[in-house]
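As structure tokens, the structure follows; a few thoughts come after it.
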Amino acid sequence: MTIPTHQASADKPHVGLFVTCLVDLMRPVIGFATVDLIEKSGCRVSVPEMQTCCGQPAFNSGDRAGTKRLARQVIAAFDEFDYVVAPSGSCAGMLKAHYGELFADEPGMSDTVKSFCDKTFELVSFLVDIRGMTEVAAEFRGKVTYHDSCAGLRELGIQAQPRALLKSVAGLEISEMQDPDVCCGFGGTFCVKYGDISNAIVEKKTANIDASGAEVLLAGDLGCLMNMAGKLSREGRSVEVRHVSEVLAGMTDGPAIGAKRT
Amino acid sequence: MVIRSGKFKANAREALADPQLQRAMSNVGVGFVQKRRMAMDKLPEFDALRDQARDIKNHTFQYLDLYYEEYEKKVREAGGHVHFAPTDGDARDIILDICRNAGAHSVTKGKSMIAEEIAINDHLEENGIKPIETDLGEYIIQLRGEAPSHIIAPAIHLNKDQVEASFREAHTGLDENRNLDEPESLVAEARSMLREAFLNADVGITGANFLIAETGTSVIVTNEGNGDLTQSLPRVHIVITSLEKMVPTLEDATAILRVLARTATGQEMAVYNTFSTGPRREGDPDGPEEYHVVVLDNGRSSMIGTEFQDMLRCIRCGACMNHCPVYQSVGGHAYGWVYPGPMGSVLSPSLIGVDKAGHLPNASTFCGRCEAVCPMRIPLPKMMRHWREREFERHLSPFSVRSGLGFWKFFATRPRLYNFTAAVAMPVLAALAGAKGYLKALPLATGWTHYRNLPAPEGRTFQQQWRDHLAGVDE
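From first to last, the protein sequence lines are chains A and B.
Taking the numbering used here, I'd label the letters of the first sequence as residues 30 to 291.
Taking the numbering used here, I'd label the letters of the second sequence as residues 962 to 1436.
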């Protein structure tokens, strides 16, 4: 694996990478692909060590106080940056769309939280909407299908941006599946709390993926990707699964998600 | 109605294993969704209409007491009666009294979810009065002794052959060899059975989609015309409805009508939009002699001013359930009470208690599709989360969830410990998976691995690799 050179130049916008806990633990290559893409968009990147998780598991389990503790930690860790970027619509949605609501009862926090929310973006929407990126220099031979992860799509309006950049990848062909905007059944803790319902939902998704004829499934959220990859692999389907950033940054030499290591 | 929401998981498991139900449910995500999409494509001003509809309802709730007074006054002036029912039991008593005073033996019914909420059919039957459902879907499930599984398509959980079997069993005395293969023949048979019921009924009960304060009018929106026969043929018409159906003016009702049918069935307007004001007047060619409106509260007024108030805007179009991946998978009966799908997951805990309906707001992926299609802009996922917060505060969440969350929080709020632990654990997990790159089973993660493989982590965490990268060490 080639690791991109860390470009440091004081006049470029300074981006703090919110790597997300799943990417940190499960698939670091997405983190490196993200850094590479942000740098290519003309920014410099740092990765604060004092980050863990955006707080969604607590937030969606009804633990508001616990979520706030984590949120304060995140906001403090990213105080110094011009932008906060996360390679996940779900985590970025949490930071950007839900932190405001979380602190609505603390007027004293409102300026801090608002400026944090305003400077936070999901990776691909940051590249396209904020940095004006229209193409990437990557090459990827094959037919891919793109799943719109729910939070990115409905909380942040991410739909056209990843497709626009993917179209610029040399050799890549997009074959849309039926219902790309329908949930894959992951839903964070939902997938284990209501495993059989989650399974019924992901079965429909993998059938649609397979029927698209694509060799590769891409999406912008590692949670959804692990769910779909795990199901595709359990069903013995040969579709390869990757995070969209891996293809956009040309970092597809390593094994796909849940695939054999050579 | 017996509340079975506490058994949601078992209900869902049963539903997933029911091939007939799964066959019927496979149509929901296609038909309703496509028809709505097509209607929306022809209505570019939909978002502006949604804002208007939301604002009308929000305004109404702010002055609900004034509008209710005005409404009651107008109904009285038109010769009708308004009965306020604080609870479901009160509503049952009021309706039974009206039926008894009318000397009723048989009652026809238009489709009404409030009637389900107060379980009026059982109550009338226990008291010797025969209720007959006249909406085709409701008629079918009444024959089968079932509850509706959808708020506008009560028999959506059934296939045609099941309906045919129910008709052959219930409609005795007809030619056994008659052909019931086509939907048209089923509809014709139901119609011929119902015709007599319409003519013989002493009382007709309908619901109401709107109550209009300025005119004292109740509105029903139907496609079969059964509602009109139900309310205009018998001597007495009872409207069973609830507090939040109020709108200030006729103009407001028509504004909301513009979004209702489109999001419900993809129609620009439903076939019948019937406005009723009071009983038959002198010189009217038809209509009931008595007109009663029973307005149910049953916990709704206590939602006003809380984080659940927005739920009262719901106009029962069913779009949220049509688009819900969970509803599409398990159907409406799994929810275990009157209101299924996302709207039910928010409303039911308000009406029957979060201790009884606690599963419902948890059984959501928070995919947000319900909110995205809601014509009244109800933030359904947010309110489900509020219910989860109430449960968490009251320690109603399951022990496994609370303890798991506590364990995770301990690490997540200690970044150094977290990074250290992750750096130790991830390589172990990667080694366990070995060259195949995934795990088929993992203790403590069986909820995941029962249905899917667990993709293995790369090995070293991003934070570890990033530190090396900064230090100039390449892999």
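Cβ atoms here follow ideal geometry from the backbone N, Cα and C, with glycine treated the same way.
Handout entry: 6 Å Cβ shell around residue 118 (chain A) - same chain, five flanking residues per side excluded
Key = Contacts found: 151, 178, 180, 181, 185, 187, 249 and 250.
Exercise for the section: Could you give the DSSP three-state label for residue 1432 (chain B): helix, strand or coil? Expected result: DSSP places residue 1432 (chain B) outside both helix and strand once states are collapsed to three, so it counts as coil.
Practice task
Starting from residue 240 (chain A), follow the alpha helix (DSSP H) in both directions and report where the run begins and ends.
Solution key: Where residue 240 (chain A) is concerned, the enclosing alpha helix (DSSP H) stretches over 224-240.
Handout entry: Proximity of residue 104 (chain A) and residue 48 (chain A) at Cβ, strictly below 8 Å
Key = Not in contact: residue 104 (chain A) and residue 48 (chain A) (Cβ atoms no closer than 8 Å).
Problem - Assigned exposure category for residue 920 (chain B) - 16 Cβ within 10 Å defines buried - result: Beyond the ends of chain B as shown, which are 962 and 1436, falls residue 920 (chain B); an answer cannot be given.
Problem - Per-residue burial, residue 1188 (chain B) [other beta carbons within 10 Å of its own, 16 or more giving buried] - result: Result: buried.
Handout entry: Ranges of the alpha helix (DSSP H) found wholly within the stretch 1077-1101 of chain B, counting only runs of at least 4
Key = Complete alpha helix (DSSP H) runs here, min 4: 1081-1087.
Practice task
Give a yes or no on whether 8 Å exceeds the smallest Cβ distance from residue 186 (chain A) to chain B.
Solution key: No, because no Cβ of chain B sits closer than 8 Å to the Cβ of residue 186 (chain A).
Problem - Residues of the stretch 1295-1328 of chain B with Cβ closer than 8 Å to any Cβ of chain A, in chain order - result: Near chain A, meaning a CB-to-CB distance below 8 Å, the residues of the stretch 1295-1328 of chain B are 1323, 1324, 1325, 1326, 1327 and 1328.
Exercise for the section: For residue 1355 (chain B), count neighbouring Cβ atoms within 10 angstroms of its own Cβ and tell me buried if that reaches 16, exposed if not. Expected result: Result: exposed.
Problem - is_contact[residue 906 (chain B), chain A] using C-beta, thresh 8 Å - result: In the structure displayed, chain B extends from 962 to 1436; residue 906 (chain B) sits before or after that span and is not available.
Problem - Own chain residues within Cβ distance below 7 Å of residue 264 (chain A), not counting five before or after - result: Once the five neighbours on either side are set aside, the close Cβ partners of residue 264 (chain A) are 235.
Problem - CB contact check: residue 221 (chain A) to chain B, cutoff 8 Å - result: Residue 221 (chain A) counts as touching chain B.
Exercise for the section: Report yes or no: is there a C-beta of chain A within less than 8 Å of the C-beta of residue 1423 (chain B)? Expected result: By the rule that beta-carbons nearer than 8 Å mark a contact, residue 1423 (chain B) touches chain A.
Exercise for the section: Sort out for me which residues DSSP pairs residue 1207 (chain B) with in a bridge. Expected result: In DSSP, residue 1207 (chain B) forms a bridge with B:1172.
Practice task
Could you tell me if residue 1207 (chain B) is buried or exposed, where buried requires 16 or more neighbouring beta carbons within 10 angstroms of its beta carbon?
Solution key: Residue burial is scored here from C-beta neighbours: residue 1207 (chain B) has at least 16 other C-beta atoms within 10 angstroms and is therefore classed as buried.
Practice task
Please name the residue in A:51, A:277, A:289 and A:44 whose C-alpha comes closest to that of residue 166 (chain A).
Solution key: Distances from the alpha-carbon of residue 166 (chain A) to those of A:51, A:277, A:289 and A:44 put A:277 closest.
Exercise for the section: Select from B:1089, B:1117, B:1021 and B:1275 the residue whose C-alpha is nearest the C-alpha of residue 1102 (chain B). Expected result: Closest in C-alpha terms to residue 1102 (chain B), from the list B:1089, B:1117, B:1021 and B:1275, comes B:1117.
Exercise for the section: Taking residue 1187 (chain B) as part of the alpha helix (DSSP H), name the residues at either end of that continuous run. Expected result: Element bounds for residue 1187 (chain B): 1187-1193.
Problem - Presumed contact (8 Å Cβ cut-off) between residue 256 (chain A) and residue 1413 (chain B), rounded CB distance - result: Beta-carbon to beta-carbon, residue 256 (chain A) and residue 1413 (chain B) are separated by about 7 Å, close enough to satisfy the 8 Å threshold.
Handout entry: Rounded straight-line distance, which links the Cα of residue 1433 (chain B) to that of residue 1325 (chain B)
Key = C-alpha of residue 1325 (chain B) to C-alpha of residue 1433 (chain B): approximately 45 Å in a straight line.
Problem - Rounded straight-line distance, which links the Cα of residue 91 (chain A) to that of residue 1410 (chain B) - result: When rounded, the distance between both Cα atoms is 25 Å.
Exercise for the section: Indicate the three-state DSSP secondary structure (helix, strand or coil) for residue 1401 (chain B) in the structure shown. Expected result: In the three-state reduction of the DSSP assignment, residue 1401 (chain B) falls in the coil class, being assigned neither a helical nor a strand state.
Handout entry: Opening and closing residue of the alpha helix (DSSP H) in which residue 1114 (chain B) lies
Key = Looking at the DSSP string, residue 1114 (chain B) is not in any alpha helix (DSSP H), and its letter there is neither H nor E.
Handout entry: First and last residue of the uninterrupted beta strand (DSSP E) at residue 169 (chain A)
Key = Segment 168-175, the beta strand (DSSP E) holding residue 169 (chain A).
Exercise for the section: Let me know the secondary structure DSSP gives residue 149 (chain A) once reduced to three states. Expected result: In the structure shown, residue 149 (chain A) sits in a strand (DSSP, three-state: E or B).
Exercise for the section: Report yes or no: is there a C-beta of chain B within less than 8 Å of the C-beta of residue 57 (chain A)? Expected result: True, the Cβ-Cβ gap to chain B drops below 8 Å.
Problem - Candidates B:1053, B:1179 and B:1369: closest to residue 1035 (chain B) by CA position - result: The shortest CA-to-CA distance from residue 1035 (chain B) to any of B:1053, B:1179 and B:1369 is the one to B:1179.
Exercise for the section: Could you tell me whether the Cβ of residue 1385 (chain B) comes closer than 8 Å to any Cβ of chain A? Expected result: At a cut-off of 8 Å between beta-carbon atoms, residue 1385 (chain B) makes no contact with chain A.
Problem - Interface flag, residue 292 (chain A) vs chain B, CB-CB below 8 Å - result: Absent from the model: residue 292 (chain A). The displayed extent of chain A is 30 to 291, so no value can be given.
Problem - CA nearest to the CA of residue 967 (chain B), picked from B:1092, B:1338, B:989 and B:1318 - result: Of B:1092, B:1338, B:989 and B:1318, the residue nearest in Cα terms is B:1318.
Handout entry: Close-in-space but distant-in-sequence residues of the same chain around residue 1419 (chain B) (CB under 8 Å, 5 per side omitted)
Key = Result list for residue 1419 (chain B): 1387 and 1391, in chain order.
Exercise for the section: Count the other C-beta atoms from every protein chain shown that fall within 10 angstroms of the C-beta of residue 1426 (chain B), then say buried if there are 16 or more, exposed otherwise. Expected result: Buried, because 16 or more other Cβ atoms sit within 10 Å of the Cβ of residue 1426 (chain B).
Exercise for the section: Would you please verify whether the beta carbon of residue 1364 (chain B) is less than 8 Å from any beta carbon of chain A? Expected result: So no, residue 1364 (chain B) is outside the interface.
Practice task
Let me know if residue 1027 (chain B) comes out buried or exposed under the rule of 16 or more other beta-carbons within 10 Å of its beta-carbon.
Solution key: Around the beta carbon of residue 1027 (chain B), fewer than 16 other beta carbons lie within 10 angstroms, which makes this residue exposed.
Problem - Range of the contiguous alpha helix (DSSP H) that encloses residue 1385 (chain B) - result: Run containing residue 1385 (chain B): 1376-1394, per the alpha helix (DSSP H) assignment.
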